[in-house]
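Enquirer: Take this structure, written in structure tokens, and hold onto it; I'll ask about it next.
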Amino acid sequence: MVDVENLVLLKSGDLLTGQHIRSLMESRSEESTPWRRLQHVVFVMGLFHLKMACTDALWRLFIHPKLAKEDPCSLIKLVSQIRPKETGKIESKPAYRQMHEVIQHVGIVLRLDAWRIIASERIDQSVDSLEAFAGMKPTWEVLVDLSHHLCRNYVTNTHELSDMRRKPTGIRDHQHENVLIQHQYFLLYEEISYAMNYGDIGRIETLFLPWIWIFRSCGKHKYATEMRRYLENVHFIYPKGLSKAIRKNILCNPTGKEGAFRAIDWLVELNNLFTKHTHGGSYSNQEKNRIIEESLLIEVYRSVRVQLERMFGLDHRTTRHSLPDMTATFMKLAVYMKKENTNKFMRGRKTNYNIPDAISKGMNTMVTEGRGETALTTEEEEDWQGLDDEFAVEDEGDLSAI
């Protein structure tokens, strides 16, 4: 028998997988050998499922509350400009890919609109569009100075937001305060997405703390607890060698391309997609025994498809398509934002719903309730059951050729 005392098996997955592993280890804790106690198994939280949890948290903050949908500057009203046929689905329970694109697309136009305003205020009041600003050929130093001003004035933080909301109602702009929170949380999501795509595990870990507070505020206590456990284990409990192994293997780059890092649980879900759906048969042929029997041939099926694509010059034309041209869509949303003064401070403008400062609320929750485990909430339990995570991944085309 192999001596497992100095060996570990890293197991990535969602939180339910981790719960099952810990339950199994607890039930076998009285066994006599490390092998029987499963002492060598170390669960590592899957970052792909964490990213899905981030989109769900933002949906709970900005779209789910009924009163949050009524203001012209609300997120769902902005979404209705670019996805008018999908607002019903996005309001009820959007898929991960839908919410991911909503955050990215609305965030892009929000920031471009802020650039337009700041260029008009600080460079030339005659500047009415980004095209006009670009025509002035600003220097790099000017752009850097404007970017610093944007960060200071359009991305709020807990202290600034608290000061704003203490002021008399008559001199406040409630809708602008909500937009500032959108800027802050959308940028947090963009940063964690960028860090994951480029394999920057250090930056990912620095982002854990604000997301822990957001999850605590939104009721996603299990994710907050798992992220805290990860930080404690990796930086304070595990030996340096094990910590290094976890940090270097929590992400991988299957294609070897720049900006193409993927979480380990993403690869698992991609394999599930091919096993159960793409090559899992249909109608009477789609049964459990057949799926298991042909699961060994999944890589063969994928390789055949890739070879045919390359043979006939069809690279990335059957499963992976070029990015859509969003110019007209973004322009439509930009016109709407300009009309509604989404990024401008309008004294006395009221709102039906003040978006809570989730970071401040989460910090307060952690202080008042302590750091212990929190019981699984009903909403989280529903998130885990019947969730086809494999539909959230995208086929990378020639992934099987490596």
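Each step along the sequence shown adds one to the number in UniProt numbering, with nothing skipped, and position 290 is 290.
Don't be surprised by glycine CBs; every beta carbon is placed ideally from N, CA and C.
These numbers were taken from a predicted model, which means no experiment stands behind them.
For residue 379, count the other beta carbons within 10 Å of its own beta carbon; 16 or more makes it buried, fewer makes it exposed. Which is it?
Expert: On the sequence shown, position 379 is the one that residue 379 refers to. The predicted model places residue 379 with a pLDDT of 43, which falls under 50 and marks its position as unreliable, so this point remains unresolved.
Enquirer: Under 8 Å by Cβ, that's how I've got residue 226 and residue 18 pegged, so tell me the actual separation to the nearest angstrom.
Expert: Stepping through the sequence shown from its first residue, residue 226 is reached at position 226. Stepping through the sequence shown from its first residue, residue 18 is reached at position 18. That belief holds up - the Cβ atoms of residue 226 and residue 18 are roughly 7 Å apart, short of 8 Å.
Enquirer: Within this structure, are the beta carbons of residue 210 and residue 188 separated by less than 8 Å?
Expert: Translated into positions along the sequence shown, residue 210 becomes position 210. Translated into positions along the sequence shown, residue 188 becomes position 188. Taking the C-beta atoms as reference points, residue 188 is found nearer than 8 Å to residue 210.
Enquirer: Of all the alpha helix (DSSP H) runs that stay within the bounds of the stretch 132 to 188, which reach a length of 4 or more residues?
Expert: 140 to 154 and 158 to 166
Enquirer: Can you name the start and end residues of the beta strand (DSSP E) that residue 12 belongs to?
Expert: For the purposes of this step, residue 12 is taken as the residue at position 12 of the sequence shown. 9 to 13 is the extent of the beta strand (DSSP E) around residue 12.
Enquirer: Express the C-alpha separation of residue 354 and residue 50 in angstroms, rounding to a whole number.
Expert: Residue 50 sits at position 50 when you count from the first residue of the sequence shown. Residue 354 sits at position 354 when you count from the first residue of the sequence shown. About 26 Å.
Enquirer: Can you find at least 3 beta carbon pairs, one from the stretch 331 to 339 and one from the stretch 188 to 205, that sit closer than 8 Å?
Expert: no
Enquirer: Could you check what DSSP says for residue 224 in three-state terms: helix, strand or coil?
Expert: Position 224 of the sequence shown holds residue 224. DSSP places residue 224 in helix when its eight states are reduced to three.
Enquirer: In chain order, what residues of the same chain have a beta carbon less than 6 Å from the beta carbon of residue 102, not counting five sequence neighbours either side?
Expert: Numbered from 1 along the sequence shown, position 102 holds the residue referred to as residue 102. These residues qualify, in order along the chain: 79.
Enquirer: Looking only at C-alpha atoms, which of 249, 26 and 368 sits nearest to residue 39?
Expert: Along the sequence shown, one-based indexing puts residue 39 at 39. Residue 26 is the option with its Cα nearest to residue 39.
Enquirer: Take the Cβ of residue 94 as the centre, count every other Cβ of all protein chains shown within 10 Å, and call the residue buried at 16 or more, exposed below.
Expert: Position 94 of the sequence shown, counted from the first residue, corresponds to residue 94. The residue in question, residue 94, is buried, as its Cβ has 16 or more Cβ neighbours within 10 Å.
Enquirer: When DSSP labels each residue in this structure, what does residue 247 get in the three-state scheme?
Expert: Residue 247 sits at position 247 when you count from the first residue of the sequence shown. Of the three classes helix, strand and coil, the one that applies to residue 247 here is helix, per DSSP.
Enquirer: Suppose contacts are defined by Cβ-Cβ distances below 8 Å. Is residue 294 in contact with residue 48 by that definition?
Expert: Residue 294 sits at position 294 when you count from the first residue of the sequence shown. Residue 48 sits at position 48 when you count from the first residue of the sequence shown. No, these two residues do not count as a Cβ contact at 8 Å.
Enquirer: Do you know how far the Cα of residue 109 is from the Cα of residue 119?
Expert: Within the sequence shown, residue 119 is the residue found at index 119, counting from 1. Within the sequence shown, residue 109 is the residue found at index 109, counting from 1. In this structure, the CA atom of residue 119 is about 15 Å from the CA atom of residue 109.
Enquirer: Do residue 246 and residue 9 come within 8 Å of each other at the CB atom, strictly closer than that value?
Expert: To locate residue 9, count along the sequence shown from 1; it is residue 9. To locate residue 246, count along the sequence shown from 1; it is residue 246. No; because the gap between Cβ atoms is not below 8 Å, this pair is not in contact.
Enquirer: Quick check on residue 95: does DSSP put it in helix, strand or coil?
Expert: Counted from its first residue, the sequence shown places residue 95 at position 95. Coil at residue 95, not helix or strand.
Enquirer: Given a cut-off of 8 Å on the beta-carbon distance, is the pair residue 218 and residue 57 in contact?
Expert: Taking the sequence shown and counting its residues from 1, one reaches residue 218 at position 218. Taking the sequence shown and counting its residues from 1, one reaches residue 57 at position 57. For residue 218 and residue 57, yes; Cβs fall inside 8 Å.
Enquirer: For my contact list, residue 362 and residue 192 are in at a C-beta cut-off of 8 Å; report their separation, rounded to the angstrom.
Expert: Along the sequence shown, read from residue 1 onward, the residue named residue 362 stands at position 362. Along the sequence shown, read from residue 1 onward, the residue named residue 192 stands at position 192. A Cβ-Cβ distance of about 16 Å is found for the pair residue 362 and residue 192, leaving them out of contact under the 8 Å criterion.
Enquirer: Using DSSP with H/G/I as helix, E/B as strand and the rest coil, what is residue 127?
Expert: For the purposes of this step, residue 127 is identified with residue 127 of the sequence shown, where counting begins at 1. When secondary structure is reduced to three states using DSSP, residue 127 falls in the coil class, being assigned neither helix nor strand.
Enquirer: If you drop the 5 nearest sequence neighbours on each side, which residues of the same chain put their C-beta closer than 8 Å to that of residue 153?
Expert: As a working note, residue 153 is residue 153 in the sequence shown. Hits under 8 Å: 118.
Enquirer: Can you look up residue 312 in the DSSP assignment and give me helix, strand or coil?
Expert: Translated into the one-based positions of the sequence shown, residue 312 becomes position 312. It is coil, neither helix nor strand.
Enquirer: When the distance is taken between beta carbons, is residue 53 closer than 8 Å to residue 220?
Expert: Within the sequence shown, numbered from 1, the residue matching residue 220 stands at position 220. Within the sequence shown, numbered from 1, the residue matching residue 53 stands at position 53. Yes. Within cutoff.
Enquirer: Which residues in the same chain have their Cβ closer than 6 Å to the Cβ of residue 72, if we skip the five residues on either side of it in sequence?
Expert: Numbered from its first residue, the sequence shown carries residue 72 at position 72. Result list for residue 72: 340, in chain order.
Enquirer: Going straight from the alpha carbon of residue 459 to that of residue 267, what length do you get?
Expert: Residue 459 lies beyond the stretch modelled for the chain, which goes from 1 to 402, so this question has no answer here.
Enquirer: Check the DSSP bridge columns for residue 260 and list the partner residues they point to.
Expert: Here residue 260 refers to the residue found at position 260 of the sequence shown. Beta-bridge pairing links residue 260 to no other residue.
Enquirer: For residue 156, which residues from the same chain have a beta carbon less than 8 Å from its beta carbon, with the 5 sequence-adjacent residues on both sides left out?
Expert: In the sequence shown, the residue the question calls residue 156 occupies position 156. Cβ neighbours of residue 156 beyond the five flanking positions: 164, 177, 180, 181, 183 and 184.
Enquirer: With the cut-off set at 8 Å, would you say residue 274 and residue 298 are in Cβ contact?
Expert: On the sequence shown, position 274 is the one that residue 274 refers to. On the sequence shown, position 298 is the one that residue 298 refers to. The answer is yes: Cβ separation under 8 Å.
Enquirer: What are the boundary residues of the beta strand (DSSP E) that includes residue 43?
Expert: As a position in the sequence shown, residue 43 is number 43, starting the count at 1. 41 to 45 is the extent of the beta strand (DSSP E) around residue 43.
Enquirer: Under the three-state reduction of DSSP, which class applies to residue 73: helix, strand or coil?
Expert: If you number the sequence shown from 1, residue 73 lands on position 73. In this structure, residue 73 counts as coil in the three-state DSSP scheme.
Enquirer: From the DSSP output, read off the bridge partner residues of residue 252.
Expert: Reading the sequence shown from its first residue, position 252 is the one you call residue 252. In the DSSP output, where bridge partners are listed per residue, residue 252 has 262.
Enquirer: Leaving out five residues on either side along the sequence, give the residues of the same chain with a beta carbon under 7 Å from the beta carbon of residue 149.
Expert: Here residue 149 is taken as the residue at index 149 of the sequence shown, counted from 1. Around residue 149: 118 and 122.
Enquirer: Go ahead and pull the three-state DSSP assignment for residue 38.
Expert: Against the sequence shown, residue 38 aligns to sequence position 38. In this structure, residue 38 counts as coil in the three-state DSSP scheme.
Enquirer: On the DSSP letters alone, give me the boundaries of the alpha helix (DSSP H) that residue 342 sits inside.
Expert: In the sequence shown, the residue the question calls residue 342 occupies position 342. Residue 342 -> no alpha helix (DSSP H), and no H or E assigned at all.
Enquirer: Suppose the cutoff is 7 Å on Cβ atoms and the five residues either side in sequence are ignored; what does the same chain contact list for residue 367 look like?
Expert: By 1-based counting over the sequence shown, the position of residue 367 is 367. Here the set comprises nothing.
Enquirer: Within a Cβ cutoff of 8 Å, which residues of the same chain sit near residue 215, ignoring the five residues on either side of it in sequence?
Expert: Locating residue 215 in the sequence shown gives position 215, where the first residue counts as 1. The residues are 53, 57, 221, 223, 224, 227 and 362.
Enquirer: Just to confirm, are residue 70 and residue 343 a CB contact at a threshold of 8 Å?
Expert: Position 70 of the sequence shown, counted from the first residue, corresponds to residue 70. Position 343 of the sequence shown, counted from the first residue, corresponds to residue 343. No; because the gap between Cβ atoms is not below 8 Å, this pair is not in contact.
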